[in-house]
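Please read the structure below before turning to the comments.
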Amino acid sequence: MDGKIIRAFLQNTKLVRKPKKLLSTFGATRIEYHLVSPIDQMKDRTRLREGIVISERPQILTPDSLQERFSGFGEDSEAFSEWIQNQYRDVLRALEYNFKNQNPNASVISENAHETALKIRDDVNKRDINQAAVIECPDGGWSLALMQFTLQEAARAFPTNVRDFEQHDLFDPGGNENRRQHHEVESLFQKATETRDARHVLGMKLREYGLFDEYEDRFLALFR
Numbered sequence: 001m002d003g004k005i006i007r008a009f010l011q012n013t014k015l016v017r018k019p020k021k022l023l024s025t026f027g028a029t030r031i032e033y034h035l036v037s038p039i040d041q042m043k044d045r046t047r048l049r050e051g052i053v054i055s056e057r058p059q060i061l062t063p064d065s066l067q068e069r070f071s072g073f074g075e076d077s078e079a080f081s082e083w084i085q086n087q088y089r090d091v092l093r094a095l096e097y098n099f100k101n102q103n104p105n106a107s108v109i110s111e112n113a114h115e116t117a118l119k120i121r122d123d124v125n126k127r128d129i130n131q132a133a134v135i136e137c138p139d140g141g142w143s144l145a146l147m148q149f150t151l152q153e154a155a156r157a158f159p160t161n162v163r164d165f166e167q168h169d170l171f172d173p174g175g176n177e178n179r180r181q182h183h184e185v186e187s188l189f190q191k192a193t194e195t196r197d198a199r200h201v202l203g204m205k206l207r208e209y210g211l212f213d214e215y216e217d218r219f220l221a222l223f224r
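Sequential numbering from 1 applies to the sequence shown in my numbering.
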């Protein structure tokens, strides 16, 4: 889709009320949303779209992370997806955030869109619903508005999510794999002092992991 059209949609999108809590690091997050859109060429007619966005537990991003990031976001979502994800690439290159749009429904209200949004915001605040969002957006760009909202929430939660992963020694998958390989090599060295077969396996693993140069002297010493 033309970038000018997308930018025009986003310029007319406003987050009236955001969730009070960040996306969870170690579990799914459920967010109630209310999308409020004026209906083109119909004065004081508003389309209200409501539903639940489920943000799945953030995952460490790997080359095998091929899951569809947005599920249930409408027929236009594919046209918007590449553009909007590119805008948040700094967040998305580190953690895998996936979102599902569940139980969506739409209705038409005989009222001004902005007034409707404010009333819903006040009602949500009165009921003290922490995980709820109210968004004003163009009718034709509702899926884009919802995708942008989810990625804004990901960006808002990102520093906390990363810190939580780091505190649990989970954020550096490459580092964890490297440590695992070194632990395996050390275990094989212990066995290699006892059996010739273990030395053969050790040599294969050192080459497989690209660690032979690092352990070469120690490995060759097993044969002296």
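Just so it is clear, CB atoms sit at the ideal spot from N, CA and C, and this is done for glycine as well.
Per DSSP, residue i is paired with what?
i, result
"Y97", "DSSP, once it has assigned bridges, lists no residue as partnering Y97."
"V53", "I31 and N101"
"I109", "T46"
"L15", "I135"
"Q87", "BP columns for Q87 are empty, so no partner."
"Q59", "E96"
Who are the near neighbours of residue i in its chain, counting only those whose CB is closer than 8 angstroms to its CB and skipping five residues on each side?
i, result
"P63", "Caution applies to P63, whose pLDDT of 43 falls short of 50 and renders its modelled position unreliable; the value that the coordinates give is listed next. Excluding positions up to five away in sequence, the list is empty."
"R163", "none"
"V185", "L202, K205, L206, Y209, L211 and Y215"
"A28", "I54, S55, E56 and R57"
"Q67", "Note that Q67 scores 48 on pLDDT, short of 50, meaning its location in the model is unreliable; the coordinates nonetheless yield the value given after this. E96 and N98."
"A113", "V36, S37, P38, T46 and E136"
Quick one: what does DSSP say residue i is sitting in, helix, strand or coil?
i, result
"T46", "strand"
"S257", "Because residue 257 is not part of the residues shown, which for the chain are 1 to 224, the question remains open."
"E166", "helix"
"Q181", "helix"
"P38", "strand"
"I5", "helix"
"I129", "coil"
"R224", "coil"
"A212", "Checking the sequence shown, residue 212 turns out to be Phe, not Ala. Three-state result, F212: helix."
"K20", "coil"
"F219", "helix"
"L10", "helix"
"F158", "helix"
Is residue i near residue j, with beta carbons less than 8 angstroms apart?
i, j, result
"A117", "V53", "no"
"P19", "Q131", "yes"
"I109", "L48", "yes"
"L188", "L202", "yes"
"I60", "L23", "no"
"G140", "T13", "no"
"S143", "F99", "no"
"G72", "N101", "yes"
"P138", "F26", "no"
"A192", "L222", "yes"
Please work out which residues of its chain come closer than 6 angstroms, Cβ to Cβ, to residue i, disregarding the five sequence neighbours upstream and downstream, and give them in chain order.
i, result
"V134", "V16, R17, H34, A117, I120 and R121"
"I6", "W83"
"Q181", "Y209"
Which same chain residues, not among the five before or five after residue i, have their C-beta less than 7 angstroms away from its C-beta?
i, result
"E111", "D44 and T46"
"E32", "I52, I129, Q131 and A132"
Hey, could you find the ends of the alpha helix (DSSP H) residue i is sitting in?
i, result
"G72", "First-last for G72: undefined, no H or E at that position."
"K205", "R196 to E208"
Confirm the yes/no value for this check: CB of residue i, any heavy atom of the ligand PLP, distance under 7 angstroms.
i, result
"P38", "Ligands displayed in this structure: none; no statement on the ligand PLP is therefore possible."
If we define contact as Cβ-Cβ less than 8 angstroms, is residue i a contact residue for chain D?
i, result
"V162", "Of the protein chains in this structure there is only one, and it is not chain D."
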